[in-house]
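The structure appears below as structure tokens.
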């Protein structure tokens, strides 16, 4: 019979959190009354919160408690203790499964009151900045092994859910998000004006800015206010590893184009003659030589780009918020994308059609306004930039919401709730 474990509230909280906030969050996440949660949390006594779970689920429950600000530990259960616990601690509620809706918090419904456990241990620091906290992927747990951290497979509909969640987060602080992303774009645009080195710097620093924005998204989700300078926070939080992600991505781009070129030449998509045509000053000759082949070459490039994008997509947020190294983050990013390839396909198509619909609408309106007045046409062009900025913010926040859903949604629970 598999070893069973129990999750024990040590009776202590993270000293940097407000106990009332912990009470409120505990009640909301675990669907219990605030008074019941307050009695449990403020008693200062160790309590058994969950019994008879396997090691993986025990760690997941512990991670949920840590996010709230509650210190806990995991203890192995002997067969005798498990039987005695079942007899002494009846389950007060049959609700023992995680919320299926992705909008729900990643935890099970907890209910009841329970028995004392052993003496409390030191509270872990959970409300500190991400740079000061030990990442989930690196922390050791009470079992002496690394706690599991990995992607969770979701249904296709989650691809659209990531976008809707991003929109809701944007609506909460729209002006701040527009300002923060606009500032990042202005800085990267200024860097790109520097010949050669500026473009390389933009590619390498891209994940650093992205990591800062992810930190801002996390801060907002936890009730904070987004800083306009949030995009620059990545320089002080794992900046070296974030820049390494950008460097590896840049190297990957070179490799992709080399591989795509070799494949294109091997399959006859691009020939030596078409390559020679590139040196011609006559655009008609270039178009005739590369017309069909260029389209196929670009298709090959796109197909070879997909694995690289999978390596990169979650890497900045995993480095910034989980403290992973660049290599670890890119591997984990690939796993997360591969395991959720179906919702990611839905997500990509949804963003594409949103952009396509907006482009078509703007095109029609532009044509109508151009026929009426050139002044109105100029006004419309000035409005396009904010709309594109909104789309950019939506992409940034959808990456964060996808990260939360893929890497911080717990699996189906098991065992008994006792507290």
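Residue numbers (the working numbering): 507 to 925.
Beta carbons: idealized from backbone N, C-alpha and C, even for Gly.
Just so it is clear, the structure is predicted and the values come from calculations on it, not from any experiment.
Going by Cα to Cα distance, which pick from the options is closest to residue i?
i: residue 522; options: 684, 573, 557, 536; result: 573
i: residue 845; options: 904, 762, 868, 909; result: 909
i: residue 765; options: 834, 737, 732, 809; result: 809
i: residue 509; options: 582, 556, 577; result: 582
i: residue 746; options: 737, 841, 711; result: 711
i: residue 512; options: 531, 894, 540, 568; result: 568
i: residue 556; options: 719, 570, 816; result: 570
i: residue 841; options: 704, 659, 671, 577; result: 659
i: residue 661; options: 900, 849, 720; result: 849
i: residue 820; options: 872, 902, 896, 894; result: 902
i: residue 578; options: 814, 692, 554, 533; result: 554
i: residue 843; options: 833, 831, 812, 693; result: 812
i: residue 934; options: 542, 731, 737, 744; result: In the structure as shown, the chain starts at 507 and stops at 925, and residue 934 therefore has no counterpart that could be examined.
i: residue 706; options: 871, 755, 814, 851; result: 755
i: residue 851; options: 680, 872, 815, 824; result: 815
i: residue 713; options: 690, 575, 700; result: 690
i: residue 824; options: 701, 719, 529; result: 719
i: residue 806; options: 822, 763, 834; result: 763
i: residue 822; options: 739, 854, 853; result: 739
i: residue 584; options: 907, 558, 872; result: 558
Along the beta strand (DSSP E) that carries residue i, what are the first and last residues, could you check?
i: residue 582; result: 576-583
i: residue 556; result: 553-559
i: residue 549; result: Premise fails: residue 549 is in no beta strand (DSSP E) and is neither H nor E.
i: residue 517; result: 510-519
Exposed or buried, what is residue i when buried is set at 16 or more other beta-carbons lying within 10 Å of its beta-carbon?
i: residue 926; result: Because the chain spans 507 through 925 in this model, residue 926 falls outside it and cannot be assessed.
i: residue 828; result: buried
i: residue 869; result: exposed
i: residue 526; result: exposed
i: residue 826; result: buried
i: residue 695; result: exposed
i: residue 717; result: buried
i: residue 735; result: exposed
i: residue 742; result: exposed
i: residue 836; result: buried
i: residue 663; result: exposed
i: residue 874; result: exposed
i: residue 514; result: buried
i: residue 565; result: buried
i: residue 563; result: buried
i: residue 847; result: exposed
i: residue 913; result: buried
i: residue 878; result: exposed
i: residue 665; result: buried
i: residue 905; result: buried
i: residue 891; result: exposed
i: residue 888; result: exposed
i: residue 708; result: buried
i: residue 911; result: buried
i: residue 540; result: exposed
i: residue 560; result: exposed
i: residue 622; result: The pLDDT assigned to residue 622 is 33, lower than 50, so where the model puts this residue is not dependable; a value taken from the coordinates is nonetheless given after this. Residue 622 comes out exposed.
i: residue 616; result: Interpretation of residue 616 is limited by its pLDDT of 42, a score under 50 that renders its predicted location unreliable; the figure taken from the coordinates is listed afterwards. Its Cβ being crowded by 16 or more others within 10 Å, residue 616 is buried.
i: residue 545; result: exposed
Start and end of the alpha helix (DSSP H) containing residue i?
i: residue 708; result: 703-727
i: residue 676; result: 664-678
i: residue 699; result: Counting along the chain, residue 699 falls outside any alpha helix (DSSP H), and DSSP gives it neither H nor E.
i: residue 839; result: 832-845
i: residue 739; result: It is not in any alpha helix (DSSP H) - residue 739 carries neither H nor E in the DSSP assignment.
i: residue 827; result: 821-828
i: residue 528; result: 525-536
Can you find a heavy atom of the ligand COA that lies under 7 angstroms from the Cβ of residue i?
i: residue 721; result: No copy of the ligand COA occurs in the structure displayed, which carries no ligand at all.
Practice prompt. Report yes or no: do the segment 742-759 and the segment 845-864 share at least 3 C-beta pairs separated by less than 8 angstroms?
Written response: Contact fails: fewer than three Cβ-Cβ distances are below 8 angstroms.
Discussion item. With three or more beta-carbon pairs closer than 8 angstroms as the criterion, would you say the segment 545-561 touches the segment 511-521?
Written reply: Under the 8 angstroms Cβ criterion, the segment 545-561 counts as touching the segment 511-521, having at least three qualifying pairs.
Practice prompt. Please confirm if the segment 862-869 is in contact with the segment 669-678, defined as three or more CB-CB distances below 8 angstroms between the two stretches.
Written response: Using a C-beta cut-off of 8 angstroms, the segment 862-869 makes no contact with the segment 669-678, since fewer than three inter-stretch Cβ pairs fall below that distance.
Worksheet item: If you pair each beta-carbon of the segment 764-773 with each one of the segment 724-742, do three or more pairs fall below 8 angstroms?
Response: Result no; under three Cβ-Cβ pairs closer than 8 angstroms.
Discussion item. Which complete alpha helix (DSSP H) runs does the segment 886-915 hold, if anything under 4 residues is left out?
Written reply: If we require 4 residues or more, the segment 886-915 turns out to have no alpha helix (DSSP H) run fully inside it.
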